[in-house]
Amino acid sequence: MKPLLSVVVPVHNVEEYLEECLTSLARQSVDAVEVVTVDDGSTDGSRRIAEEFAARDRRFRCVHQANAGLSAARNTGVAHTTPGVPYLAFADSDDLVVPDAYARMLASLESTGSDLVTGNVWRLTAQGPRQAWQYRWLTADHPRTHVTRDPRLLADRVAWNKVFRRSFWDEHAFTFPVGRLYEDAPVMIPAHHLARSVDVLHRHVYLWRVREGSITRRRTDVRGVRDRIAACERVSAFLAGRGAGQRARYDASCLRDDFVYFLEGLPMGGPSYREAFMADAGAFLDRAGDAALEGLPAEARIRWRLVRERRLDELLAVLDFERANGTGTFTVRGPWGRRRAVHPGAAGGTAGARLGRGDLPAVARLVEASWGTDGRLTLRGYAYIRNLPADAPRHALKAALVREAGGGLPRPVPVRTVPMPEATADSGQETHGYDHAGFETVLDPARLGPGSWFVGVVVAGHGAVRRAALRAVEAPSAQPVVHDLPDGLRAVLGYRGGRLALTVTRPPALALAHDGGEAVVELTGRFHTEAPPTALVLTRDGAPERVCPVRREDGGRFTARIPLTGLAGPGDGGTPRGDLPDEAGRWRAALETAAGSRVPLAAAPDLPPPVFADASGDLVVEVQAGPFADGAEHGPGDALRITGAGTGAGTGPGSGTGARSGALVLRHSTLGESVTVPVEPLPDGRFTAGLALPPREGDWEVYADGSPVRVLGALASRLPLDAPGHAFRLVRLHGDRLVVRAASPLTEAERGAYRQGRLRTAHYPGQRALPLRDTVLYTGGDSPRAVHAELVRRSTDVTHLWVTDGSAADADRVPPAAVPVVAYSTAWYEALARSRRVVAAEPLPAWFARRPGQTVAQTWHGTPLGRFGLDLADTLYADHQWLASLPHRSAQWSFLVSPSTFATPLLRRALAYGGEVLEAGSPADDLLCAPGREKTAERVRRRLGVPEGHRVVLYAPTYRDHLALTPGEVPGRSRAYRWDPALDLSALAGSLDDRTTLLVRRHPRVTGDVPAAPALRDVSGHPDTAELLLIADVLVTDYAGLVFDFALTGRPMLFHTYDLEHYRDTVRGFCLDFEARAPGPLLVTTDEVAQALRTTTASARLHADAYDSFRRDYCDLDDGSAARRVADRLMADDGS
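For the sequence shown, this note's numbering assigns the number 70 to the initial residue and increments by one for each residue that follows.
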């Protein structure tokens, strides 16, 4: 069969993802496809995978070339496609193509004659598929459109969600620019303009994998910012000849989208990055002129004016303000009609600060909706005008409005103003208070009548009046809620285009019950149409309709038999089910009547899968629906108890555990950590499970057998449901997924940026004016723990305070003799202000100022192996804003504890510290030198469940800077990094003999799951690292600084250095010649580590001299008395 479509796939070192990608192409529903993979000099197993596909599938070909980059590989692939194939597409080798994507796209082009077709995109994240922000506007198909008629297509700048007519591609001789990053836009934007017409499909065609460390996601890369701006300039130059309006519109889109990522990276970037950005972005603005700034929000106009005027210091101050307040926050000054935005950093003001009506929009959010027994709907939420404080009732006047979706005049609805502190907390800024923005209103569907009604508010304050639609507090919670009313009416409270809408209808047909087995389901229901139903029709995107006969019965009832065979979802179509959205396998049901019309078929909310009500109350069929919850109630104590049924068949997070194995899996939505919850079986395949407070703040998605637990309609109307102590709640997100939301440990009076700002700027200074207390505050690390133990041993008459993040996971880390203090709580600010002594293992907050009489001991983390602090200034991942704060931070220390004479000059230089250094050794390592440590080791082994006589292998790697989580992904305010599973722990554990136990300790800053395996124990939560080192017979690590600690034991060390060159030359680098001085072998693969563990004695002999010199040169101060020395110095200092 001659191919209709050529797909070019550039390949470079993606063996982890390539099999999935090529499989998704091989199993496209259209068979007439040729796939040209271009191996761009891969050094891993990618070439082998590509060649294997070519060997077993004649539609695949593999071309090889020396590494030349993505653009060159794409161009090579196009040159190797079969002449005469009418259509062309591109796919990246770590992404996935939706199973029927090319069939739909080709059908569109065949139907319309357009030159290219583009489709919607999912971002494939660690948490599953998420809508790509660039395509949120895509809610309907747009055939035969054009970028000049729909400027939103300017955001459609990638190559891989498109199919091109090959004659169009060749007519304009498109090629990707070689040797540059951001190679898509210079081809895609011209293609959009040169096309005679473009088809836009709202259904998703592509899953774009977001990988940490991707080259296009390096925010402060000089080459990256220059290539991005240069790419935009090339496109802008192309548009210069196509009308001034087109060029100005594109230039403005660059300022809204392309450049913002790099602009926000300025505070982190070093001098060369800042110079490059200001020069190139400034030149862009000089050329683009004022026309590019028109229509931008006030905050954007201010920032870009500062760039254009090269006012870097003021720009950095504005960006620092926005980092604390979020983009779009400012103070409003001046009389009405001449109001201006004022930023603390832009002292001289800017020409873009004049405010128009659109610069002060209203914010209106629905917080809670509840139905009363009288059938009325109560809505609670908040509304305010952004940047105009609602800190008093007179500044927060509100009225509610409803308007029928088809038009007509708005109807006023009575509203009551209520306190709403979450309005301020949710705003994410620390400048304005919105506590009086709350409102409560009641809607009566009986008075409104059938129809769809948008719900909005009018808010007035500070001389401004705004109208706004009510929206969800967060996009994932914008889910419809179904409520059945008397007289057969049904109300659906949902969102249309993000706006809250109440729809009241009398369903023409309602499915009431079903019965049957795995092969056939018999559905019964009632219809209210004049013409009786003749068939039940099932439809699913990309699949032919299925028609099921309907038997009409007396009393307006009907029965339909639904064969389930052949209705399986697309999980067997090339794309793993866990990588597809929930709706991918669903069939939607409708009734066909004798009059030839089709009417929607609603469903009772308590129908269980596989034939059940979706979130909007409509009947769907999903053979692989998986587990669901249909009940929840308060359990004993502060617990909640859920009930449900079903077992999953997916491959999502938590796969391999679930109801079949007697447990649910709660997986944190951003941290990647999981906890298991036992399941109690009930009759008829049902289960119940008790849910307690999860270990950390945030959203915990509930899984069983690897599939998400769904919320049936019977339970959806009761959510959210708070646990008795309000520490967590059950919510429904992302359609119908069950989520456990663990609250912040802070009180309502402490939550949010605004209240944190008041604690920092008002409460903390006020506390500093009060007398010091005889307390010792400890924060972070093992050395403060050792100093605390020494003071307790001495019975020192002080109160010990231990900083904790307040999570259940952190509770065990608090020593018995210490009082826990939750970070960022009122008590924490007071402790920093009034504790006479502070022992820290990390820099304290930038606003902390040591007061007279206060002693601050900085123990740091021990001897450094990887470069740190100011020594990172020339690296890609350095945060220069943080580095600039180091001189002030280190000036607050009374003395710095050095673990070795080798470390002393490193610490001084990297931490910008010029004060007293106490060369005491590392307090954390005293245990490794202590008399009687053998007894301590036995106790620790028993506590950890290590069998007697077992050899203990401890795997303890460091974190990777390029795997950093964004601040929004991390609960609290700590830095965190994703777990890097480069070492195959399951395989390693399986290779060990039956008298070896493998302990795994994640770095404290690393999040993620450690795989379960026999003889493998996750000890990341163990409070004392020294105890783990004490019982370890062998240490396996990479570049972790604890090699200096473990060297005190004299036991073997193995180094898993799979990314040595990258870590050394790009990420961080070393404080010593690591390759020459390493006291053990450097190993690359899991097999090499396993082999070395079988021959540790020989390896130890081979590296004995290196080990001895390493210990001599870098561990010279450790003798078991470091904590005593630090305690002596701490208590002797009067703090003056």
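Cβ atoms here follow ideal geometry from the backbone N, Cα and C, with glycine treated the same way.
**Prompt:** Would you report the Cα separation of residue 748 and residue 887, rounded to the nearest angstrom?
**Reply:** 36 Å
**Request:** Take every Cβ of the stretch 148 to 162, pair it with every Cβ of the stretch 75 to 85, and state whether three or more of those distances are shorter than 8 Å.
**Result:** yes
**Asked** Grouping DSSP H, G and I as helix and E and B as strand, with all else coil, what is residue 584?
**Response** strand
**Message:** How far does the beta strand (DSSP E) with residue 529 in it extend, from its first residue to its last?
**Reply:** 520 to 530
**Prompt:** Given that a residue counts as buried once 16 or more other Cβ atoms are within 10 Å of its Cβ, and exposed if not, what is residue 271?
**Reply:** exposed
**Request:** Inspect the beta-carbon positions of residue 1209 and residue 822 and report whether they are closer than 8 Å.
**Result:** Here the chain has residues from 70 to 1205 only, and residue 1209 is not among them.
**Request:** Going by CA-CA distance only, name the one from 392, 534, 446, 443 that's closest to residue 457.
**Result:** 534
**Request:** Would you check if there are 3 or more beta carbon pairs closer than 8 Å linking the stretch 908 to 926 to the stretch 1099 to 1116?
**Result:** no
**Item:** DSSP state of residue 39 mapped onto helix, strand, coil
**Value:** With the chain covering only 70 through 1205, there is no way to say anything about residue 39.
**Secondary structure of residue 869, DSSP reduced to three states** = strand
**Prompt:** When DSSP labels each residue in this structure, what does residue 71 get in the three-state scheme?
**Reply:** coil
**Message:** Which same chain residues end up closer than 6 Å to residue 237 when comparing Cβ atoms and leaving out the 5 residues on each side of it in sequence?
**Reply:** 184
**Request:** Could you give the DSSP three-state label for residue 238: helix, strand or coil?
**Result:** helix
**Request:** Put residue 623 into one of helix, strand or coil per three-state DSSP.
**Result:** helix
**Prompt:** Does the distance from the C-beta atom of residue 381 to that of residue 539 stay below 8 Å?
**Reply:** no
**Asked** Buried or exposed: where does residue 1164 fall if 16 or more other Cβ atoms within 10 Å of its Cβ makes it buried?
**Response** exposed
**Asked** Leaving out five residues before and five after residue 1205 in sequence, what residues of the same chain have Cβ atoms less than 8 Å from its Cβ?
**Response** Reliability fails at residue 1205, whose pLDDT of 47 lies under 50, so the model's placement of it is uncertain and no value is given.
**Prompt:** The beta strand (DSSP E) with residue 439 in it runs from where to where?
**Reply:** 431 to 440
**Request:** Say whether the stretch 256 to 271 touches the stretch 165 to 183, bearing in mind that this needs 3 or more beta-carbon pairs closer than 8 Å, one atom from each stretch.
**Result:** yes
**Request:** Could you have a look at residue 1199 and say whether DSSP puts it in helix, strand or coil?
**Result:** helix
**Request:** Could you tell me the distance, in whole angstroms, from the CA atom of residue 300 to the CA atom of residue 316?
**Result:** 14 Å
**Item:** Candidates 254, 801, 1053, 242: closest to residue 303 by CA position
**Value:** 254
**Residues near residue 617 in its chain [Cβ-Cβ closer than 8 Å; skip 5 each side]** = 604, 605, 606, 607, 629, 630, 631, 632
**Request:** Round the Cβ separation of residue 1202 and residue 745 to the nearest angstrom and send it over; I've been treating them as touching at under 8 Å.
**Result:** With 8 Å as the limit, residue 1202 and residue 745 do not qualify as a contact, their Cβ atoms being about 48 Å apart.
**Message:** Run through the DSSP bridge pairs and tell me what residue 1122 is partnered with.
**Reply:** 1104
**Buried or exposed (CB count within 10 angstroms, at least 16 for buried), residue 1089** = buried
**Asked** In chain order, what residues of the same chain have a beta carbon less than 8 Å from the beta carbon of residue 444, not counting five sequence neighbours either side?
**Response** 513, 514, 515, 554, 555
**Request:** Identify whether residue 644 lies in helix, strand or coil by the three-state DSSP scheme.
**Result:** Confidence in residue 644 is poor, its pLDDT being 47 and thus under 50, which makes the residue's placement unreliable; the coordinate value appears in the next sentence. Residue state, collapsed to three classes: coil.
**Message:** Quick check: what's the CA-CA separation for residue 1152 versus residue 1161?
**Reply:** 9 Å
**Asked** Based on Cα-Cα distance, which residue from 101, 99, 88, 138 lies nearest to residue 117?
**Response** 88
**Prompt:** Where in the stretch 889 to 961 do unbroken runs of the alpha helix (DSSP H), each at least 4 residues long, occur, reported from the N-terminal end onward?
**Reply:** 895 to 903, 949 to 960
**Message:** Tell me which residue opens and which closes the beta strand (DSSP E) that residue 769 is part of.
**Reply:** 767 to 773
**Request:** Determine the burial state of residue 487: buried for a count of at least 16 other Cβ atoms within 10 Å of its Cβ, exposed for fewer.
**Result:** exposed
**Request:** Excluding the 5 residues preceding and the 5 following residue 326 in the sequence, name in chain order all residues of the same chain whose CB lies nearer than 7 Å to its CB.
**Result:** 224
**Message:** Let me confirm a value: residue 839 is counted as buried when at least 16 other C-beta atoms fall within 10 Å, else exposed. Which label applies?
**Reply:** exposed
**Asked** Counting along the chain, where does the alpha helix (DSSP H) carrying residue 743 start and finish?
**Response** Segment 743 to 747 is the beta strand (DSSP E) holding residue 743; no alpha helix (DSSP H) there.
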